[in-house]
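Q: Yeah, the sequence shown ends on 1123 if you go by my numbering, and it's all consecutive. Please find one structure pasted underneath; my questions will follow.
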Amino acid sequence: MAQSEPTAPLDGPGAAMLDALFSQSLVGLHLLDTDLRVVRVNTATPAMRDVPVEDVVGHRVDEVYGLLDADEVMALVRRVLDNGVPLVAHIVRAHRRGDPGHQYFHEISVFRLETPSGDVLGLAVAVVEVTEREESRAREVVLEMTREHVGRTLDVLETCQELVDVLVPRVADIAVVEVVDAVLRGDHPPLAPLPRDVPLRRAAFRSAAGGGTDADAPQAHPLGDVRALPGPTPYTQALSDLRPRAVASLDEDLPWLAADPARARAIRAAGAHTLITAPLTVRDTVLGLISLYRTRQGEPYDEDDVSLLLQVADHTALSIDNARRYTREHTIAATVQRQLLPRRPSSHPALETTPLLLPPDSGGQWYDTIPLSGARTGLAVGGVVGRGLHAAAVMGQLRTVVRSLAAFDVEPDELLARLNDTATFLAAERATLPTADPLHRQALAARFAYAVYDPLTLTCTVAGAGSPSLVVVHADGSTEVRNVPAGSLLGSEDKTPFAATAFTVPEDSLLILSDTPLPALVASGDADALRRLAEQHRGRPLEDLRDDVLYALAGSAEPGPTALLLVRTHPFPADRVGVWQLPDTPTVVATARRLVRDRLADWGVERETAHDTELIVSELVTNAVRYGSPPLELRVINDRALTCEVRDGSASTPRLRHASVADEGGRGLFIVAQLAQAWGTRYTPEGKIIWTEQNPPPG
425 MAQSEPTAPL DGPGAAMLDA LFSQSLVGLH LLDTDLRVVR VNTATPAMRD VPVEDVVGHR
485 VDEVYGLLDA DEVMALVRRV LDNGVPLVAH IVRAHRRGDP GHQYFHEISV FRLETPSGDV
545 LGLAVAVVEV TEREESRARE VVLEMTREHV GRTLDVLETC QELVDVLVPR VADIAVVEVV
605 DAVLRGDHPP LAPLPRDVPL RRAAFRSAAG GGTDADAPQA HPLGDVRALP GPTPYTQALS
665 DLRPRAVASL DEDLPWLAAD PARARAIRAA GAHTLITAPL TVRDTVLGLI SLYRTRQGEP
725 YDEDDVSLLL QVADHTALSI DNARRYTREH TIAATVQRQL LPRRPSSHPA LETTPLLLPP
785 DSGGQWYDTI PLSGARTGLA VGGVVGRGLH AAAVMGQLRT VVRSLAAFDV EPDELLARLN
845 DTATFLAAER ATLPTADPLH RQALAARFAY AVYDPLTLTC TVAGAGSPSL VVVHADGSTE
905 VRNVPAGSLL GSEDKTPFAA TAFTVPEDSL LILSDTPLPA LVASGDADAL RRLAEQHRGR
965 PLEDLRDDVL YALAGSAEPG PTALLLVRTH PFPADRVGVW QLPDTPTVVA TARRLVRDRL
1025 ADWGVERETA HDTELIVSEL VTNAVRYGSP PLELRVINDR ALTCEVRDGS ASTPRLRHAS
1085 VADEGGRGLF IVAQLAQAWG TRYTPEGKII WTEQNPPPG
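The following block contains the structure:
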């Protein structure tokens, strides 16, 4: 401490001025000796007026004033005495005499007093009461924490728990949040005043008792309990006129406690002595109720606390309403998705499938199994980038287009090209929306993978948009990851053509088709997961394998939205297929009719259906001989429909026309269309196939 020049001793005017300083200063002044006992003190400040001077002089400050952290404060003061380093603007907490329930804040500055020769005389302590400033600062901290920590998720219950975690113990010793039960489901909140029969759910609770653990804290009702509030009470009144209620003293004589016995018992058991409750409201609708109690903190709630709680309630109510709106949209999107997805994958003697959507309710993901001609099956998985109702709507549009294109027997790469045209059109429509529409700023894009499996030739042809993947687990336990050609996302401006690849799939294999990469099932991820799947897949239900895949994916880095289709192949019954190579002669028609007649008789097909099938085969073979080119092949399949196929080497397309009365020909396809439920043309590298289907299939 720097030493000053010697000065004259204080006497006369100097002593009078020192006396005036101690008697008139608005700052509390204390002079302490080296034993930290008070030598002189002023009583002008409010903090000192309650303590007579004779009770202070000659005593240590921790013996006189109700310091809450007395040991810590005295250690700091003694450190100043020992090293001479001043303590400036340190906050201490204390209780006033006669008011042990109220906490006050003081800002102290401590300086060591020395003689010109360096001898230590004692300490000078300046004290300023800053209770109002510190309480205001504490309220600002609570508001800042509320804005930072409450409403971080779009979950109503999580938001309520975040709120009570902020308020306890900073503002309350016990905090309870109750929410209108319909709000948790995303429904519109009721208008104020809240009807008496509207149930509220206890959404969050926190108590400062036991270090913040809530298991043994007294509660009127457990978390999750749903019931209407009995009344009249301050709680029901706050929900009626949307005004907060502060109860300064929760004594036994309050008449409204009898209206809610369960809450009254909890109040008594917890030792709560003061209450403040405020509604959670948005635009004159009631979302819920916040109730705060004090048990340890002695002072009752005042107007500043009411103002703080109202600001906290406003922020929380907006967060809850945002979560409610998200829940509502999420529920609608999930409902739309469920309605747009197939109820169950279509069954097939040579194929069984089961889907897996991750997450299952994003709204934009889909799968499909599409019956195709010739006992083939189209396998589709896809996902629209984004979530919510708009993603679900686009998903429904794309799935409908896929179904329509698949009915024309187009190859997977051509189907993706046509589907991309539709997605590009939808993206262009979205771009024309008003700039204020949120969708205007969201690009439309989708992932998609499409495969066609033929159980008669044991081939699978697949193409994809994005980065699809296909894992094949063979019957012998070996596995492979097929290289699916990656294409641009549907709806993008990239004009790169889509490509398809075909490969053989042995019987009793397991295929996992996904619209995104599966790092947990390939060598770059958890290789053991794929090995375990290969070892265990035979003889187990496909649904159990789906769970295994889900667990493997959950164990890796969290994947993005993914649609998967698990496919298990089986041998197609050989006795349900008839294949004949036909000579290119006019007499072959009679031969074809006889072959089909005999095979249908073996299958037990009823006479009328068999007669129609013979006529269909007669017309198809006649057209192939007359307009096609060899080689000719006839195939009948007894599958989900009775299918007739005639293959020839010509790529010319037949068309249905209506012959006039005088025409001698031109009625073949017209007759076929009348007898069959469906018919079409499928092109191959060697030519084309004309096929028909008759439903229902024979018994």
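Glycine is no exception: its CB is placed at the ideal position from the N, C-alpha and C atoms. Treat the numbers as computed from the prediction; the structure is a model and nothing was measured.
Thinking LEU840 and GLY890 are a contact (beta carbons under 8 Å), I'd like their distance in whole angstroms, please.
A: Their Cβ separation, rounded to whole angstroms, is 10 Å, which puts LEU840 and GLY890 out of contact at 8 Å.
Q: Can you say whether ILE691 is buried or exposed, counting buried as having 16 or more other CB atoms within 10 angstroms of its CB?
A: With 16 or more other Cβ atoms from the protein chains shown falling within 10 Å of its own Cβ, ILE691 counts as buried.
Q: For the stretch 1066-1081 against the stretch 1103-1118, do three or more pairs of beta-carbon atoms, one drawn from each stretch, fall closer than 8 Å, so that the two count as touching?
A: yes
Q: Looking only at C-alpha atoms, which of ARG630, THR570 and PRO658 sits nearest to ILE598?
A: Nearest option by C-alpha distance: ARG630.
Q: Excluding five sequence neighbours on each side, which residues of the same chain lie with their C-beta closer than 6 Å to the C-beta of TYR877?
A: Non-local C-beta neighbours of TYR877 in its own chain, meaning closer than 6 Å and more than five positions away in sequence, comprise THR801 and CYS884, ordered along the chain.
Q: Can you tell me whether DSSP reads SER631 as helix, strand or coil?
A: strand
Q: Residue ranges of each beta strand (DSSP E) run of no fewer than 3 residues wholly in the stretch 1028-1105, ordered along the chain?
A: 1056-1062 and 1066-1072
Q: Run the CB neighbour count on TRP1037, radius 10 Å, all protein chains shown included, and call it buried at 16 or more, exposed below.
A: A small fix is needed here, since residue 1037 is Thr in this sequence, not Trp. Classification for THR1037: buried.
Q: From this set, GLY1002, VAL592 and GLU556, which residue's C-alpha is nearest ARG1021's C-alpha?
A: GLY1002
Q: In terms of residue numbering, what span does the beta strand (DSSP E) encompassing ALA513 cover?
A: Segment 511-520, the beta strand (DSSP E) holding ALA513.
Q: From the DSSP output, read off the bridge partner residues of PRO703.
A: LEU713
Q: What span of residues does the alpha helix (DSSP H) with GLY814 cover, start to end?
A: The amino acid at residue 814 is misidentified as Gly; the sequence shows His. Note, HIS814: alpha helix (DSSP H), 813-830.
Q: Could you give the DSSP three-state label for LEU782: helix, strand or coil?
A: strand
Q: Quick check on THR458: does DSSP put it in helix, strand or coil?
A: coil
Q: Looking at C-alpha atoms only, which residue of TYR659, ALA628 and ALA641 is the closest neighbour of LEU647?
A: ALA628
Q: How should GLU904 be labelled, buried or exposed, when 16 other C-beta atoms within 10 angstroms of its C-beta is the threshold for buried?
A: exposed
Q: Output needed for TRP935: all residues of its chain with C-beta closer than 6 Å, excluding positions within five of it in sequence on either side, in chain order.
A: At residue 935 the sequence reads Leu, which differs from the Trp that was named. Excluding residues within five positions, the ones whose Cβ falls inside 6 Å are VAL896 and VAL991.
Q: Under the rule that 16 or more other beta-carbon atoms within 10 Å means buried, what is TYR975, buried or exposed?
A: exposed
Q: Should the stretch 925-932 be called in touch with the stretch 858-865, which here means at least 3 C-beta pairs below 8 Å?
A: no
Q: Consult DSSP for GLN789 and reduce its assignment to one of helix, strand or coil.
A: Strand at GLN789.
Q: Give the DSSP-derived three-state secondary structure of SER533 in the structure shown.
A: Correct three-state label for SER533: strand.
Q: Cutting at 8 Å between CB atoms, please list the residues of its own chain near PRO430, excluding the five before and the five after it.
A: Legend: pLDDT at PRO430 = 47, less than 50; position of this residue unreliable, no value from coordinates given.
Q: In the DSSP assignment, the alpha helix (DSSP H) including SER731 goes from what residue to what residue?
A: 727-764
Q: Please say whether MET569 and VAL600 have beta carbons closer to each other than 8 Å?
A: No.
Q: Please give me, in chain order, every unbroken run of the beta strand (DSSP E) with length at least 3 that falls completely inside the stretch 645-679.
A: 669-671
Q: Looking only at C-alpha atoms, which of THR719, VAL509 and LEU492 sits nearest to LEU529?
A: As written in the sequence, residue 529 is Phe, which differs from the Leu given in the question. The option with the nearest alpha carbon to PHE529 is LEU492.
Q: Could you say if the stretch 736-746 and the stretch 687-707 meet the contact criterion of at least three C-beta pairs nearer than 8 Å?
A: yes
Q: Using a Cβ-Cβ cut-off of 6 Å (strictly less than) and excluding sequence neighbours within five positions of LEU942, which residues of its own chain qualify?
A: Residues of the same chain with a CB within less than 6 Å of the CB of LEU942, apart from the 5 flanking positions on each side, are SER893 in chain order.
Q: Quick check on SER541: does DSSP put it in helix, strand or coil?
A: coil
Q: If you run the structure through DSSP and keep just helix, strand and coil, what is PRO1010?
A: DSSP places PRO1010 in coil when its eight states are reduced to three.
Q: Which residues does DSSP pair with LEU1019 in a beta bridge?
A: Looking at the DSSP output, LEU1019 bridges to nothing.
Q: Helix or strand or just coil, what does DSSP make of THR846?
A: helix
Q: Tell me which residue opens and which closes the alpha helix (DSSP H) that ALA690 is part of.
A: 685-694
Q: Spatial neighbours of VAL463 within its chain, please: CB distance less than 6 Å, with the 5 preceding and 5 following residues excluded, ordered by chain position.
A: In the same chain as VAL463, and ignoring 5 residues on each side of it, the C-beta atoms closer than 6 Å to its own belong to LEU455 and ASP457, in chain order.
Q: Taking the beta carbon of PRO995 as the centre, do at least 16 other beta carbons fall within 10 Å, making it buried, or is it exposed?
A: exposed
Q: Compute the distance between the beta-carbons of ALA1016 and LEU989, then report whether it is under 8 Å.
A: The answer is no: Cβ separation not under 8 Å.
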